[in-house]
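Beneath this line is the structure, given in C-alpha cells, with notes to follow.
Below you can see the structure in the form of C-alpha cells.
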C-alpha cells in the first residue's frame, strides 16, 4: 500500500506556520500509546489570495484518487431582510441551474459523467457548495465553480427562480412541516431572538416570503454577496499543489471582482425574562425544549457549554439521561447542544416524555439537575468522557476530504487560521469542572430563557406549567 | 493460531472513463467543459486473510491515515431468521449486548465506551448481525476486551430487558408521527405478506410485549457462535500487534451447539396492481412508495441493475428526479433503488409529493417506470455507467467504509477479485442489458402502490387514475395495530 500521508498525525509538537505547506516527517504511529498520548493533528496547507480577492486554501491528501472542492460564501440567512426570508437558501438552489457557459441541467450531467457528486448547504452565517470527484476531473469542478461565480446573472431568468421556488417549498414541507416536532426549531428561534435580530427567522424561510421573492431580489442578492472577495475556495485531496494553484489561477482569472460586504453587525440579543410557550403538533408524546442565548462560536464560555452538553445528555451516565430515562423512566430521550454561531449561540435542551407523563414533571427534574451543576462542579471523570469523545469525533471527521475541506473553510472564516484544529481541541482539554460549573451559572439563568412545550393536539394540559418547576 | 496471509488483491486499479482526451489548462476556455485527464489509480487496500485458533476468519486492512481502528464482529443471520412469533428478536438481542456483559453493568459499559472515546454499534440487519467498535488506536486493547465481552458474555439483566422493552414500545408508538415509518411498514407488508421481509426488523408491539429473557438468552446461545462469525479489522494497526489482540479477545470463543440461522426463502412476485392509501389527516405531502419483489444480491444481473437504476432513480439527473423535481417541482427529491439482500429484497421508487399534486405525480411515476423498459439513448447510458463506475474511489475514504465493503464480501460471498473487476463490469453493461433487466424487474403493471397522506384531499385524485383496487388504512392499521390483518 502506498504510504501516501497527505496529512500526518504526529506525536511531537511541530508548529506549522500559516501560508506555507509544512513538510512533516512521517509519524511513528503508536499502536499501544497511553490514553494520555494526544497525537498532534497536522494539516499542511497552502493559502493564497487571487487578484480578484478570492481566498484559496489547498491541502494534499493522496490516500484515494479524489478531490473535494468546497466553496464558501460569507452569507447566510442572517443577511436577509424581513419579508424576504429564505432568500439565501433559495439562491443556493438557483446556483445549480446553470450559468453563461453551463446550460440548464448541465451542472449535474457533466459532474455525473465523470463520477462526481455535488451539493450545497445554507445556514445562518454562510453558504457552501461542494463537489467530490475523481482527481483527474479537478478542472471540471473549477470550470463549474468559476462560471457560476462569474457568469450567473446573464442567464438568470424568472422561470428558473420559479422552478426552484416550488422545490424549496417542498423541501420545507418534507423536512419541517411533515416531520414530528418539525416546527419546534422555527418557534424556538423566533422566541429566543427578538424581531429584527438576524437569527429571528428560519434559514428555510416562510412560505409567504418564498412566494414573494422576485427575480430582482435574487439578482440583487448575487450582486451584494457573491463576489470572489466574499468567497473562499478549499481544495482537499489527490493533487500537486503547484498544479492546482495554476489551474485555479487560470479558471478564476476572468471572474470579476466585486464588493466585499461589511461585517454583519447586530445589536446583541438579550433575553430578559423566562418565556413560556406551548405549541400543539400531530405527535403522540409531549416534548420539552429549554433554550438560552449563549456566547458566540469561539467566544469565552462556548467550549465549556460544549462539555456541559455532554455532561447533561451524552451517554447513559449523563445527568439527564441517567435520571429521566434510566432511573425514573419517565422520558424516552434527552438531548443537549451548544448550537454555536457567529453572532450568538443557543444552548438547547430537549426531552421527550414517556406516555402518561407531563412536561411539568420532566421540567422539575431538569431544573434539579441544572441547579445541582450550578452548586457543585461535574467530576473529573465526567469531563474526561466528554473530552475523549470530542477528540475521537475530531479524528473521524478528518477521514474524509469533504469534511476536512469544510473544517479548513470554517476555521479560516471564524478564526483566520485554517488549521485551528489543535487550538480547538486544546480549548476543550484545558477546562476543569469549575469552568463548566461557572458557565452553567452564568449562561443558563432561570429567569432568561425560553421554555417550549410541544404537546399532542388538544392536550395543552401536558405542557410545562409555570411554577411547577420549583 | 493458523495464519494464511495472502498478497494484495492487486497493486492498483485503473479507473478510466470512456473519454480519451487529456486537458491542459491554459487561459480559461469556457466554450466547452474540460474533459478529464488520464485515468486515476485507486490503490485498493490490501486485505490480509487470517484465521484464529478456533477457525474464525479475520480480514485485516492496515490504513495509517488517522489514529483510529474499526473492528467488526460479523455474524451470519439477522432479522429474517427471527422466529415467526417473535419478530424483532435478533434486533432486541443485539440491542441488549451493551446492557450488561462480563462483570460490567450497563452503566459501567457506557462509562467505559465514553472514556475510551469509542463508538459502539450492535445492530441486526436482515441478513447479518454486526457488533463493532471504532476507537482511537491507543485504546484498542481495552476496546477489544470490551467487544469480546459483549459478543461472548452478555448477561441480559432482567431489569435492562424491561427498560429496552419500554423504549421499543414507545418508539413504535412514535412511528405513528412519521410518514416514512408508516410507509415502510405498509409497503413491507403489502409486498411480502407473511414472508419474513414483510415484518419490521425491529419487530411488532405484540412481540415486544411478550418476549422473555429466556428467549433472548437462548437466541444468543445458538446464534452468536464462532462458526457463524467473521472479524473485520481496519485502521491504524500493524498485523503483528493486531493478531495477539484478536486471539486474546476471540481465540477461545468455543462453538456452542449452534443452529445455523436460516435465510429467507424467495418471496412470491406481486401479481396485478393494488393501491394502499394510509390516511394521515392534514399531511402537507403524500409519501408515495411504489414497488415489488426484486432479485437477490447473488443475481447475475447485479451490474446491469445498478446501471438501470442509476438511469431511473439512482442519481440526481435520473429520470424520476429530473421529471418530478427539476421539471415539475412537485417534490424535494424522487428516487428508486434495488434493496439487495441475501434473498429477494424489494425494488422501490419513492418521493414525498405536495398533497395537491399527488395524482399528477403518480402519472409521472408510471410514465418513467414504463419508459425505463424502452431502449435507453446512448449518451444517457454512458453518463449512468460513468457515474456508477467512476465514483468507486469515494467508497474507500474512511475506515468504516472499507470495513463495510469487506463485510459485504463475507456476507454475500463475493469473489476475491470483486473490487478489481467492479469498474470494468459496470462499463461493460450494454443498452440491451439495461432493457432486459428493467423489463424483467421493473414491471409497473404488477406492483404495489403505497400512499401516506391526507385522504380527504388525495383519494379523488388517486381514484381517478384507476391504478387498481384501492384499500384505505388508518395509521394504526398500517403499523400493524391489529396483528391478525397480516394475512395477504
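Chains as they are written, first to last, in the numbering used here: chain A, 399 to 868; chain B, 3 to 490.
Ideal placement from N, C-alpha and C gives every residue a C-beta, glycine not left out.
From a predicted model like this one, the values you see are computed outputs, not experimental measurements.
Quick check: residue i and residue j, are their CB atoms within less than 7 Å of each other?
| i | j | result |
| --- | --- | --- |
| residue 72/B | residue 401/B | yes |
| residue 360/B | residue 288/B | yes |
| residue 655/A | residue 689/A | no |
| residue 141/B | residue 118/B | yes |
| residue 471/A | residue 520/A | no |
| residue 228/B | residue 575/A | no |
| residue 158/B | residue 234/B | no |
| residue 66/B | residue 104/B | no |
| residue 299/B | residue 263/B | no |
| residue 451/B | residue 292/B | yes |
| residue 472/B | residue 277/B | yes |
| residue 404/B | residue 133/B | no |
| residue 32/B | residue 460/A | no |
| residue 716/A | residue 722/A | no |
| residue 675/A | residue 850/A | yes |
| residue 537/A | residue 306/B | no |
| residue 241/B | residue 54/B | no |
| residue 322/B | residue 338/B | yes |
| residue 494/A | residue 542/A | no |
| residue 797/A | residue 408/B | no |
| residue 832/A | residue 775/A | yes |
| residue 587/A | residue 848/A | no |
| residue 855/A | residue 678/A | yes |
Under 8 Å between beta-carbons, which chain E residues line up against residue i? List them in chain order, please.
| i | result |
| --- | --- |
| residue 533/A | You won't find chain E in this structure, because its protein chains are A and B. |
If we ignore side chains and look at the alpha-carbon of each, how far apart do residue i and residue j end up?
| i | j | result |
| --- | --- | --- |
| residue 84/B | residue 349/B | 23 Å |
| residue 480/A | residue 657/A | 23 Å |
| residue 463/A | residue 532/A | 6 Å |
| residue 209/B | residue 199/B | 16 Å |
| residue 454/A | residue 239/B | 35 Å |
| residue 82/B | residue 294/B | 18 Å |
| residue 419/B | residue 411/B | 10 Å |
| residue 513/A | residue 427/B | 15 Å |
| residue 445/A | residue 545/A | 22 Å |
| residue 2/B | residue 566/A | Residue 2/B is absent from the model: chain B starts at 3 and stops at 490. |
Within its chain, find whatever has a CB closer than 7 Å to the CB of residue i; leave out the 5 residues flanking it on each side and keep chain order.
| i | result |
| --- | --- |
| residue 467/B | 361, 364 and 365 |
| residue 231/B | 58, 75, 76 and 77 |
Skipping 5 residues on each side, what residues in its chain have a beta carbon closer than 8 Å to that of residue i?
| i | result |
| --- | --- |
| residue 592/A | 598 and 667 |
| residue 429/A | Residue placement at residue 429/A cannot be trusted, given a pLDDT of 31 that sits under 50; the coordinates are not used to answer. |
| residue 617/A | 551 and 554 |
| residue 727/A | 752 |
Apart from the five residues on each side of it in sequence, which residues of its chain come closer than 6 Å, Cβ to Cβ, to residue i?
| i | result |
| --- | --- |
| residue 146/B | 247 and 251 |
| residue 191/B | 200 |
Q.
At a CB distance below 9 Å, what residues from the segment 132-148 of chain B approach chain A? Give them in sequence order.
A. 136, 137, 138, 139, 140, 141, 142, 143 and 144
What are the residues of the segment 65-83 of chain B that lie near chain A, defined by any Cβ-Cβ distance shorter than 7 Å?
66, 67, 68, 69 and 70
- Note down, in chain order, all residues in the segment 670-702 of chain A with a beta-carbon under 9 Å from any beta-carbon belonging to chain B. 679, 680, 681, 682 and 683
Check whether the segment 379-395 of chain B touches the segment 345-357 of chain B, taking contact to mean three or more Cβ pairs, one atom from each stretch, closer than 8 Å. no
Select from the segment 828-855 of chain A all residues with a C-beta closer than 9 Å to any C-beta belonging to chain B, and list them in chain order.
none
How do the segment 814-824 of chain A and the segment 738-756 of chain A stand: do at least 3 beta-carbon pairs fall below 8 Å, yes or no? no
**Q.** Any 3 or more C-beta pairs closer than 8 Å across the segment 109-127 of chain B and the segment 784-802 of chain A
**A.** yes
- Return the residues of the segment 309-320 of chain B that lie within a Cβ-Cβ distance of less than 8 Å from chain A, sorted by chain order. 317, 318 and 319
| task | Quick one: which residues of the segment 281-299 of chain B get their C-beta closer than 9 Å to a C-beta of chain A? List them in chain order. | result | 282, 283, 284, 285, 286, 287 and 289
When you check each C-beta in the segment 194-217 of chain B against every C-beta of chain A, which residues fall closer than 9 Å?
none
May I ask you to verify whether the segment 766-785 of chain A touches the segment 688-707 of chain A, counting CB pairs closer than 8 Å and requiring at least 3?
yes
- Query: Closer than 8 Å, Cβ to any Cβ of chain A: which residues of the segment 147-176 of chain B, in chain order?
  - Reply: 165, 168, 169, 172, 173, 175 and 176
**Item:** Contacting positions in the segment 640-655 of chain A - beta carbon closer than 7 Å to chain B
**Value:** 644, 645, 648, 649, 651 and 652
For this session: Determine, using beta-carbon pairs with one atom in the segment 824-844 of chain A and one in the segment 696-711 of chain A, whether at least three such pairs fall under 8 Å.
Result: yes
Margin query: Can you confirm whether the segment 433-442 of chain B touches the segment 329-349 of chain B when touching is taken to mean that 3 or more C-beta pairs between the two stretches lie within less than 8 Å?
Written below: no
- chain A contacts from the segment 347-377 of chain B (Cβ-Cβ distance under 7 Å): 354 and 356
Next on the checklist: Closer than 8 Å between beta carbons: that is the criterion. Which residues of the segment 587-604 of chain A meet it against chain B?
Outcome noted: none
The segment 493-515 of chain A: positions lying closer than 8 Å to chain B by Cβ:
498, 499, 500, 503, 504, 506, 507, 508, 510, 511, 512, 513, 514 and 515
Three-pair Cβ contact test at 8 Å for the segment 475-494 of chain A versus the segment 643-653 of chain A = no
*Contacting positions in the segment 729-742 of chain A - beta carbon closer than 7 Å to chain B*: 730
Mind listing which residues of the segment 476-488 of chain A have their C-beta closer than 9 Å to chain B's C-betas, in chain order? none
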